[in-house]
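Engineer:
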Amino acid sequence: MAGSRKKLIYIVLIGIVVLLNLPLPGSLRARVVAREGSGPFLNVMSYVTFRVQEGLGIFFEAAEAVNEKEALMTELTSLRLRVKESESFARENEELRELLGFRERQKRKLVLAEVIGRGDTSGWWQTITINRGTEDGVTANMPVITMDGLVGRTRLGVARHSCDVILITEPTFQVACRMSASGAYGVMRGAGVKATGKGDVEMLCSASPAELEYLDKTSDINTGEEVLTSGLGGVFPEGIRVGYVKKVTMDESGLFKRAQVKPAAKLEQLRYVFVVVE
Amino acid sequence: MIWLVMLFVSAACVLIQAAVAPFPVLGGAKIPLLLAVVIYYSLNHDTGSAAVSALLCGFLNDSMSFIPIGQTSMVFFFVALVASRFRRVVHGDEILPTSLFGAVSAAVCVFLGYRLLLRANLVTVPALLLWHKAFGSFVLGLIATPFVCLFIKRMDSLVGNVATTEVIEDVLD
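Sequences listed follow chains A and B, in order. Numbering-wise, the numbering used here puts 218 at position 97 of the first sequence, and it's gapless, one number per residue. Numbering-wise, the numbering used here puts 157 at position 166 of the second sequence, and it's gapless, one number per residue.
#1: So what's glycine 355 (chain A) in DSSP terms, helix, strand or just coil?
#2: So arginine 392 (chain A) is in the beta strand (DSSP E); what residue range does that whole segment cover?
#3: How far does the beta strand (DSSP E) with glutamine 381 (chain A) in it reach, from first residue to last?
#4: Measuring CB to CB, does phenylalanine 294 (chain A) end up less than 9 Å from arginine 281 (chain A)?
#5: If you run the structure through DSSP and keep just helix, strand and coil, what is methionine 371 (chain A)?
#6: With a threshold of 9 Å between beta carbons, is glycine 355 (chain A) in contact with chain B?
#7: Taking the straight line between their C-alpha atoms, what separation do you get for isoleucine 135 (chain A) and alanine 155 (chain A)?
#8: If you draw a straight line from the C-alpha of valine 101 (chain B) to the C-alpha of alanine 94 (chain B), how long is it?
#9: Using C-beta distances below 6 Å, list every residue in its chain close to aspartate 341 (chain A), excluding the 5 sequence neighbours before and after it, in chain order.
#10: Should the segment 203 to 212 of chain A be regarded as contacting the segment 365 to 378 of chain A, the criterion being three or more beta carbon pairs within less than 8 Å?
#11: Spatial neighbours of serine 374 (chain A) within its chain, please: CB distance less than 8 Å, with the 5 preceding and 5 following residues excluded, ordered by chain position.
#12: For phenylalanine 162 (chain A) and chain B, any beta-carbon pair shorter than 9 Å?
#13: Could you tell me whether any Cβ in chain A is nearer than 9 Å to the Cβ of glycine 132 (chain B)?
#14: Please name the residues in the segment 13 to 29 of chain B whose beta-carbon is closer than 7 Å to at least one beta-carbon of chain A, in chain order.
#15: Check each candidate in B:Pro59, B:Leu87 and B:Cys140 and name the one with the smallest Cα separation from serine 33 (chain B).
#16: Would phenylalanine 57 (chain B) pass as an interface residue toward chain A - the criterion being a Cβ-Cβ separation below 9 Å?
#17: By the 7 Å beta-carbon criterion, what residues does the segment 131 to 155 of chain A contribute toward chain B?
#18: Can you find the residues in the same chain that come closer than 6 Å, C-beta to C-beta, to arginine 239 (chain A), ignoring five residues on each side of it along the sequence?
#19: Please report the distance separating the alpha-carbon of proline 117 (chain B) from that of alanine 20 (chain B).
#20: If the criterion is Cβ atoms closer than 9 Å, does the pair glycine 42 (chain B) and alanine 2 (chain B) meet it?
#21: Name, in chain order, the residues that DSSP records as bridge partners for proline 264 (chain A).
#22: Assuming valine 232 (chain A) and valine 259 (chain A) are in contact, meaning their beta carbons sit under 8 Å apart, how far apart are those beta carbons, in whole angstroms?
#23: I'd like to know whether the C-beta of glycine 61 (chain B) is nearer than 9 Å to at least one C-beta of chain A.
#24: Tell me which residue opens and which closes the beta strand (DSSP E) that arginine 239 (chain A) is part of.
#25: Output, in chain order, the set of chain A residues within a Cβ distance shorter than 9 Å of serine 213 (chain B).
#26: Check whether the segment 214 to 222 of chain A and the segment 144 to 164 of chain A touch, using three or more Cβ-Cβ pairs below 8 Å as the test.
#27: Could you give the DSSP three-state label for glycine 222 (chain A): helix, strand or coil?
#28: Quick one: which chain A residues come within Cβ less than 9 Å of glycine 104 (chain B)?
#29: By the 10 Å Cβ neighbour count, where 16 or more other Cβ atoms means buried, how is tryptophan -6 (chain B) classified, buried or exposed?
#30: What whole-angstrom Cβ distance do serine 167 (chain A) and glutamate 235 (chain A) have, given they're in contact under 8 Å?
#31: Does isoleucine 7 (chain B) have its Cβ less than 9 Å from a Cβ in chain A?
#32: Counting only the same chain and skipping the five closest in sequence on each side, list residues whose C-beta sits under 8 Å from that of aspartate 321 (chain A).
#33: Rounded to whole angstroms, what is the Cα-Cα separation between leucine 163 (chain A) and leucine 376 (chain A)?
#34: Please classify glutamate 359 (chain A): is it buried, with 16 or more other beta-carbons within 10 angstroms of its beta-carbon, or exposed?
#35: Could you tell me the alpha carbon to alpha carbon distance between phenylalanine 50 (chain B) and leucine 129 (chain A), rounded to whole angstroms?
#36: Let's test the definition: count the other Cβ atoms within 10 Å of the Cβ of leucine 177 (chain A) and tell me whether it reaches 16, buried, or not, exposed.
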């Protein structure tokens, strides 16, 4: 018995060594298979989470009426439930109509996607998972946007029906930008998120201002100026709104200016996004 | 039957861990459900099962993340080996020791995982954020581990895994 247990431990050790030395295509394939398998379940869980959130809202409201007469409260709660439910559907309907209108107005080809997961399982990276994949024409490094602005880009290892999106708040995320008024060019880097309690129940956070570096030191950049993608990096097409300038400072080296940029997209409240496929 | 329960629970845990957003107030920590599975098998089953659970949960964690595949298995394997050593001291039925073990393991996993990610040049975070995240994982591990252990214990009891294991352990003792 002890011998077979030891054997099992050795097998596991060998397994770990094999996993650690998987060639890149093999490890990518493993990730894609995992995404394929988990996609439908994540879809369902995302729907349930959304509905639970709605339900929680109703619960808190109903709690205020605890002291009222029992019959009245039951009726009231039941009515509120219905109203909230229809309000929720109406909101969703309105949101989808707006998104549809936005898509039709765009020159680029957009694919509507729903956010089905937030953050990877480790929590080290700022990501979301969306329910669109290679079957919908999505490939790696495609820009992801909302009506408000840039959200991020799709990552390597796109599955058939889902993929990961690296958010612009991720410190490893970089995008070449241009100022709308002054025309100065720079490179923007994410700065993570901070806990503010101002976000919704799911996130309770807001994006920290991103860092826009290497701006021409002679350029006249004003607070509130719109920041757009410049199209120079090759990944993002030109003219996508990224955010607004919050603060401008001269770099310590004195060679260039840097700016804090508040992301335009409401990253803490993402439910639907668009993938720019063309 | 142990493997079937392990597979089912690990799959369920990875889905929940992936779907639930990280907690920025806790340094962006995620609920360490997969680690709790490893802790359960380390404290309640033989070392072989603990090692297999470490391999499986680590693989699932990495495949749903950007961590190089196999890295978390290695970290979980280390935790499983250490936890197995404490099996006689920390009994799987007691909530507080299990909870504390889960909490400490979660924090240790953050540091170990970060060390490996740093070596691979994949993540760099300020020390304060690292400690914040470790503290967050500690808190979440404290809360989540007993629930996960209780759930798997129930499932094990339901299919008859616990009784069989306990008899074997008694015989071996």
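Just so you know, even glycine gets a beta-carbon here, dropped at the ideal spot from N, CA and C.
Structural biologist: In terms of the structure at hand:
#1: On the first sequence, position 234 is the one that residue 355 (chain A) refers to. Looking at glycine 355 (chain A) - three-state DSSP - the assignment turns out to be coil, as it is neither helix nor strand.
#2: To locate residue 392 (chain A), count along the first sequence from 1; it is residue 271. Unbroken run through arginine 392 (chain A): none, as it is neither H nor E.
#3: Counted from its first residue, the first sequence places residue 381 (chain A) at position 260. 377 to 384 is the extent of the beta strand (DSSP E) around glutamine 381 (chain A).
#4: On the first sequence, residue 294 (chain A) is found 173 positions in, with the first residue counted as 1. On the first sequence, residue 281 (chain A) is found 160 positions in, with the first residue counted as 1. Not in contact: phenylalanine 294 (chain A) and arginine 281 (chain A) (Cβ atoms no closer than 9 Å).
#5: As a position in the first sequence, residue 371 (chain A) is number 250, starting the count at 1. Of the three classes helix, strand and coil, the one that applies to methionine 371 (chain A) here is strand, per DSSP.
#6: The count along the first sequence starts at 1 and reaches residue 355 (chain A) at position 234. Chain B contact via Cβ: absent.
#7: Within the first sequence, the letter at position 14 stands for residue 135 (chain A). Within the first sequence, the letter at position 34 stands for residue 155 (chain A). Using only the alpha carbons, I get a separation of about 21 Å.
#8: To locate residue 101 (chain B), count along the second sequence from 1; it is residue 110. To locate residue 94 (chain B), count along the second sequence from 1; it is residue 103. In a straight line, the C-alpha of valine 101 (chain B) is about 11 Å away from that of alanine 94 (chain B).
#9: The residue labelled residue 341 (chain A) in the question sits at position 220 within the first sequence. Taken in chain order, the residues that qualify are Ser303.
#10: no
#11: As a first step, residue 374 (chain A) is located in the first sequence; it is residue number 253 there, counting from the start. Closer than 8 Å at Cβ, skipping near neighbours: no residue.
#12: For the purposes of this step, residue 162 (chain A) is identified with residue 41 of the first sequence, where counting begins at 1. So, interface residue.
#13: By 1-based counting over the second sequence, the position of residue 132 (chain B) is 141. Closer than 9 Å: no.
#14: Pro13, Pro15, Val16, Gly19, Ala20 and Lys21
#15: Locating residue 33 (chain B) in the second sequence gives position 42, where the first residue counts as 1. The option with the nearest alpha carbon to serine 33 (chain B) is B:Cys140.
#16: Locating residue 57 (chain B) in the second sequence gives position 66, where the first residue counts as 1. Yes, contact with chain A.
#17: Val133, Gly136, Ile137, Leu140, Leu141, Leu143, Ser148, Ala151, Arg152 and Ala155
#18: In the first sequence, residue 239 (chain A) corresponds to position 118, counting from 1. Once the five neighbours on either side are set aside, the close Cβ partners of arginine 239 (chain A) are Ile249.
#19: Here residue 117 (chain B) refers to the residue found at position 126 when the second sequence is read from its first residue. Here residue 20 (chain B) refers to the residue found at position 29 when the second sequence is read from its first residue. Taking the straight line from one Cα to the other gives about 15 Å.
#20: Along the second sequence, one-based indexing puts residue 42 (chain B) at 51. Along the second sequence, one-based indexing puts residue 2 (chain B) at 11. In the sequence under discussion, the amino acid at residue 42 (chain B) is alanine, which differs from the glycine named in the question. Cβ distance not < 9 Å, so alanine 42 (chain B) and alanine 2 (chain B) don't count as in contact.
#21: For the purposes of this step, residue 264 (chain A) is taken as residue 143 along the first sequence, with counting starting at 1. Proline 264 (chain A) is bridged to A:Arg274.
#22: As a position in the first sequence, residue 232 (chain A) is number 111, starting the count at 1. As a position in the first sequence, residue 259 (chain A) is number 138, starting the count at 1. Between valine 259 (chain A) and valine 232 (chain A) the Cβ distance is about 6 Å, and since that is below 8 Å, they are a contact.
#23: The residue you call residue 61 (chain B) lines up with position 70 of the second sequence. True, the Cβ-Cβ gap to chain A drops below 9 Å.
#24: Taking the first sequence and counting its residues from 1, one reaches residue 239 (chain A) at position 118. Here the beta strand (DSSP E) through arginine 239 (chain A) covers 231 to 239.
#25: Past the edges of chain B, shown from -8 to 164, lies residue 213 (chain B), and the structure says nothing about it.
#26: no
#27: Taking the first residue of the first sequence as position 1, residue 222 (chain A) is located at position 101. It is helical.
#28: Locating residue 104 (chain B) in the second sequence gives position 113, counting from the first residue. What glycine 104 (chain B) touches in chain A: Ser243 and Trp245.
#29: For the purposes of this step, residue -6 (chain B) is taken as the residue at position 3 of the second sequence. With fewer than 16 Cβ atoms within 10 Å of its Cβ, tryptophan -6 (chain B) is classed as exposed.
#30: Within the first sequence, the letter at position 46 stands for residue 167 (chain A). Within the first sequence, the letter at position 114 stands for residue 235 (chain A). Their Cβ separation, rounded to whole angstroms, is 7 Å, which keeps serine 167 (chain A) and glutamate 235 (chain A) in contact under 8 Å.
#31: Locating residue 7 (chain B) in the second sequence gives position 16, where the first residue counts as 1. True, the Cβ-Cβ gap to chain A drops below 9 Å.
#32: Indexing the first sequence from 1 puts residue 321 (chain A) at position 200. Residue confidence for aspartate 321 (chain A) is low, a pLDDT of 43 falling below 50, so the modelled location carries little weight and cannot support an answer.
#33: One-based indexing of the first sequence puts residue 163 (chain A) at position 42. One-based indexing of the first sequence puts residue 376 (chain A) at position 255. Approximately 47 Å between the Cα atoms of the pair.
#34: Within the first sequence, numbered from 1, the residue matching residue 359 (chain A) stands at position 238. Burial call: exposed.
#35: Numbered from 1 along the second sequence, position 59 holds the residue referred to as residue 50 (chain B). Numbered from 1 along the first sequence, position 8 holds the residue referred to as residue 129 (chain A). Straight-line Cα distance between these residues: approximately 17 Å.
#36: Translated into the one-based positions of the first sequence, residue 177 (chain A) becomes position 56. Label assigned to leucine 177 (chain A): exposed.
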